[in-house]
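**Q**
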Amino acid sequence: MYIDIRHISKAFNGQSALNDINFGVQEGKLTALLGPSGCGKTTLLRVLAGLETAGSGQVAIAGRIVDDIKPQERGIGFVFQNYALFRYLNVYDNVAFGLKTKHWPAAKIKARVQELLDLTGLSDLAQRYPDQLSGGQKQRVAFVRAIAPNPKVLFLDEPFAALDSQIRQELRIWLKNLIHQVGITSIFVTHDHEEAIETADEIVVMNQGQIQQVGTPLEIYYQPQNEFVANFIGHSSLLKNPDLNGYDLPKTACQVQIRPEHVHIHKLSKKVTSFGQSATVKAVQFKGLTTNVALDIQGQKLLAYWDAGATPLGIGEQVQITIERLVVFQNNQSQILKAQNTAQRQIQVL
Amino acid sequence: MKQFQSKRIKLPLIIIAWGFMALLLILPIILVISQAASHGLGHYLQLLANLNTLRAFNLTVAATVISVGVNLILGLSAAWIIAFHDFPGKRLLNTLIDLPLSVSPVIVGLIFVLTFGRTGWLAPLVAHFNLQIIFAPPAIFLVTIFVTFPFVTRELVPVLIARGREEEQTAAFLGANFWQIFTQITLPAIKTPLAGGLVLASARAMGEFGAVAVVSGNIVGKTLTLPLLVQSLYNQFKFEDAFGVATILLASTFAIIYLKRVLLKNSPTF
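Sequences listed follow chains A and B, in order. Residue numbers are given in this note's numbering: position 133 of the first sequence equals residue 133, and the series is strictly consecutive. Adding 1000 to a residue's 1-based position in the second sequence gives its number in this note's numbering.
1) Just how far apart, CA to CA, sit residue 1281 of chain B and residue 1066 of chain B?
2) Ordered along the chain, which non-local residues of its own chain (more than five positions away) have a Cβ less than 8 angstroms from that of residue 1228 of chain B?
3) Determine whether the Cβ of residue 363 of chain A lies closer than 8 angstroms to any Cβ atom of chain B.
4) Can you confirm whether residue 87 of chain A, when its beta carbon is compared against all beta carbons of chain B, has any partner nearer than 8 angstroms?
5) So, using beta-carbon positions, are residue 122 of chain A and residue 140 of chain A closer together than 8 angstroms?
6) If we ignore side chains and look at the alpha-carbon of each, how far apart do residue 10 of chain A and residue 1249 of chain B end up?
7) When DSSP labels each residue in this structure, what does residue 315 of chain A get in the three-state scheme?
8) Can you tell me whether residue 1162 of chain B is buried or exposed, with buried defined as 16 or more other CB within 10 angstroms of its CB?
9) Using 8 angstroms as the limit for Cβ to Cβ distance, is residue 1196 of chain B near chain A?
10) Is there contact between the stretch 94-107 of chain A and the stretch 1172-1182 of chain B, where contact requires at least three CB pairs shorter than 8 angstroms?
11) Taking all protein chains shown into account, do 16 or more other C-beta atoms lie within 10 angstroms of the C-beta of residue 332 of chain A, making it buried, or fewer, making it exposed?
12) For residue 1059 of chain B, which residues in the same chain have their Cβ closer than 6 angstroms to its Cβ, ignoring the five residues on either side in sequence?
13) Output the distance between the C-alpha atoms of residue 1096 of chain B and residue 1078 of chain B, rounded to the nearest integer angstrom.
14) For residue 343 of chain A, count the other beta carbons within 10 Å of its own beta carbon; 16 or more makes it buried, fewer makes it exposed. Which is it?
15) Let me check one thing: in DSSP terms, what residues is residue 295 of chain A bridge-paired to?
16) Could you work out which residues of chain B lie near residue 149 of chain A, taking near to mean beta carbons separated by less than 7 angstroms?
17) Within the stretch 157-241 of chain A, note down every full beta strand (DSSP E) run reaching 3 residues or more, in order along the chain.
18) Under the rule that 16 or more other beta-carbon atoms within 10 Å means buried, what is residue 1130 of chain B, buried or exposed?
19) Please list the segments of the alpha helix (DSSP H) lying wholly inside the stretch 1083-1170 of chain B, counting only runs of 4 or more residues, in order along the chain.
20) Would you kindly check if the distance between the Cβ of residue 2 of chain A and the Cβ of residue 49 of chain A is under 8 angstroms?
21) State the Cα-Cα distance for the pair residue 1255 of chain B and residue 187 of chain A, rounded to the nearest angstrom.
22) Residues of chain B with a CB under 7 angstroms from the CB of residue 101 of chain A: which are they?
23) Have a look at A:180, A:80, A:108 and A:137 and flag the residue whose alpha-carbon is nearest the alpha-carbon of residue 168 of chain A.
24) Taking CB distances under 8 angstroms as the criterion, tell me whether residue 297 of chain A reaches chain B.
25) Determine whether the Cβ of residue 72 of chain A lies closer than 8 angstroms to any Cβ atom of chain B.
26) Could you tell me whether the Cβ of residue 3 of chain A comes closer than 8 angstroms to any Cβ of chain B?
27) By Cβ distance, which residues of its chain are closer than 7 angstroms to residue 149 of chain A, with the 5 residues on each side in sequence left out?
28) If you reduce the DSSP assignment to three classes, tell me which class residue 1220 of chain B lands in.
29) With a floor of 4 residues, list each alpha helix (DSSP H) that falls wholly inside the stretch 1199-1253 of chain B, ordered by position along the chain.
30) Reducing DSSP to helix, strand and coil, say where residue 333 of chain A ends up.
31) Extract the residue ranges of the beta strand (DSSP E) inside the stretch 32-120 of chain A, only unbroken runs of 3 or more that lie entirely within it.
32) Under 7 angstroms Cβ to Cβ from residue 1239 of chain B, same chain only, skipping five residues before and after it: list those, please.
33) Could you check where the beta strand (DSSP E) with residue 255 of chain A kicks off and where it finishes?
34) Kindly say whether residue 76 of chain A, judged by its beta-carbon, lies nearer than 8 angstroms to any beta-carbon of chain B.
35) Per DSSP, what are the beta-bridge partners of residue 14 of chain A in this structure?
36) May I ask you to report which of helix, strand or coil DSSP gives residue 353 of chain A?
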């Protein structure tokens, strides 16, 4: 592992902020630390960078244990949430700063800065000062400045939080592509699950100072290991001990996670009468691309989507549903189940 | 388009502000200058060239330069540690820094007499090293440093806190050493409040009377600063000389304010 984090714990005034954190990051990969605010993700990033000291544990970067090494000697590029651009230096000098301190020859500095500014489309802004830049431009300058001296790893604290949603979308993809192009091993912190899923190669989900799950976006989304991850990532319904047609669910206490895209709603007709599962429409919310539907199933709330172009659903309407796939949580274990009986097949016949 | 504040309010406010300035500042300044000039230019120049005047001027400049220099370093350090670090006794330190502003200067002078004077606590130490502190320039320097200490720190702390230290940390990640970070990142960002604090400190240092009066001993030509010389001349009924010396203080103040303007000409926040 290029970055290796072993048994990191930290407490603030007796309150545990990080509890036995273990994970590794492969060379060239982009990893997201994801969790709600206060979960310890930023603290962990600051510990890795050396801005905070861990109570116990060990951090290794590129095969070197860095616990006793000063932040500036760990080979880190760091991008703060508000970018911390040098206000009194222009874009060119901001990017060149880290090269000048390392006494690169002037010609080499010029070539490197120019190369990076060209790569990121910032060449026209080279003479601008930070307060003359938009949020997205500032972020790009901060990123370029951090990678200019060729650090071993790049850490970004909530890199998109200060941007409005449209630019955020754009920059996620930009950042992902650029990090892969440059090939720098990176960790970024975020509280936004969509951002993590869209941008990262691997996601570390945290809550209350503990790692909940480590996996690829696909694994995190489709195979959540516990209720927290299921709830935190994407939209889904958590049902307690439901009785679902087509599933052989445990009789003892369990929770079932169902994603709305795996719920299929069928309006009642002559052909469709009573296969699958009965449910009542409780609320309908038009969202543009889809329509969000809240269903009542055995007294519990179940979310589903409805095709916006189809015949509208009425509140209180009785429908039949089939569930393609779900995750069962029991005794801290999770299990993925797919519809096994004929209900699913019946639909296809219809 | 209608403005929030109409001219009916704006005009009286301007008149009040200017009237106040005229009465309390401009009029006295004109008085000082006209009194100083009342015995003619020759007398005035003679006064300026007088040995006692020159010595008082030198002593005042020395006290100002020393206290501003010390405050530059101590004030910066204190501001930095208060803004960015937690340590036991931080609140106490924060309160103590304001002390010189709230204690009467005469008391400050007395404190130093009681500390370094012949019967003072540190008298044995002073005697051991054969130092002359009280009734000599060192005491003047010490009290001047003391009364001017809060200005730099008080101007800098809020600015440092508001700005955070992420620019400094970023610079450190980019390989900059302490000196590079301070001169290239911190100093440009705080130079306006720093200069403001230094101007206030130097104005106070030049003009300080009470504390200096207690510790100086009023030895003409040796421990008289400009303000003390003004008072001494005034008490001898040499009004035009007193006002003449006062013009030196006035000119020095303008010089410092002008210097600040020139130094901060390119600063965007000035």
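The beta carbon of each residue, even a glycine, is placed where N, CA and C say it ideally should be.
**A** Looking at the coordinates:
1) Absent from the model: residue 1281 of chain B. The displayed extent of chain B is 1001 to 1270, so no value can be given.
2) 1056, 1209, 1212, 1213, 1216 and 1218
3) Look at the range of chain A in this structure, 1 to 350, and you will see that residue 363 of chain A is not part of it.
4) yes
5) yes
6) 59 angstroms
7) coil
8) exposed
9) no
10) yes
11) exposed
12) 1225
13) 11 angstroms
14) The predicted position of residue 343 of chain A is uncertain, since its pLDDT is 49 and thus under 50; no value can be drawn from it.
15) A:281 and A:302
16) 1174 and 1175
17) 185-190, 202-207, 210-215 and 237-240
18) exposed
19) 1090-1102, 1105-1116, 1123-1128 and 1137-1163
20) no
21) 54 angstroms
22) 1174, 1175, 1176 and 1180
23) A:137
24) no
25) yes
26) no
27) 98, 99 and 102
28) coil
29) 1210-1216 and 1226-1235
30) strand
31) 56-61 and 76-79
32) 1035
33) 255-258
34) yes
35) In DSSP, residue 14 of chain A forms no bridge with anything.
36) Since the first residue shown for chain A is 1 and the last is 350, residue 353 of chain A is missing from the structure and cannot be characterised.
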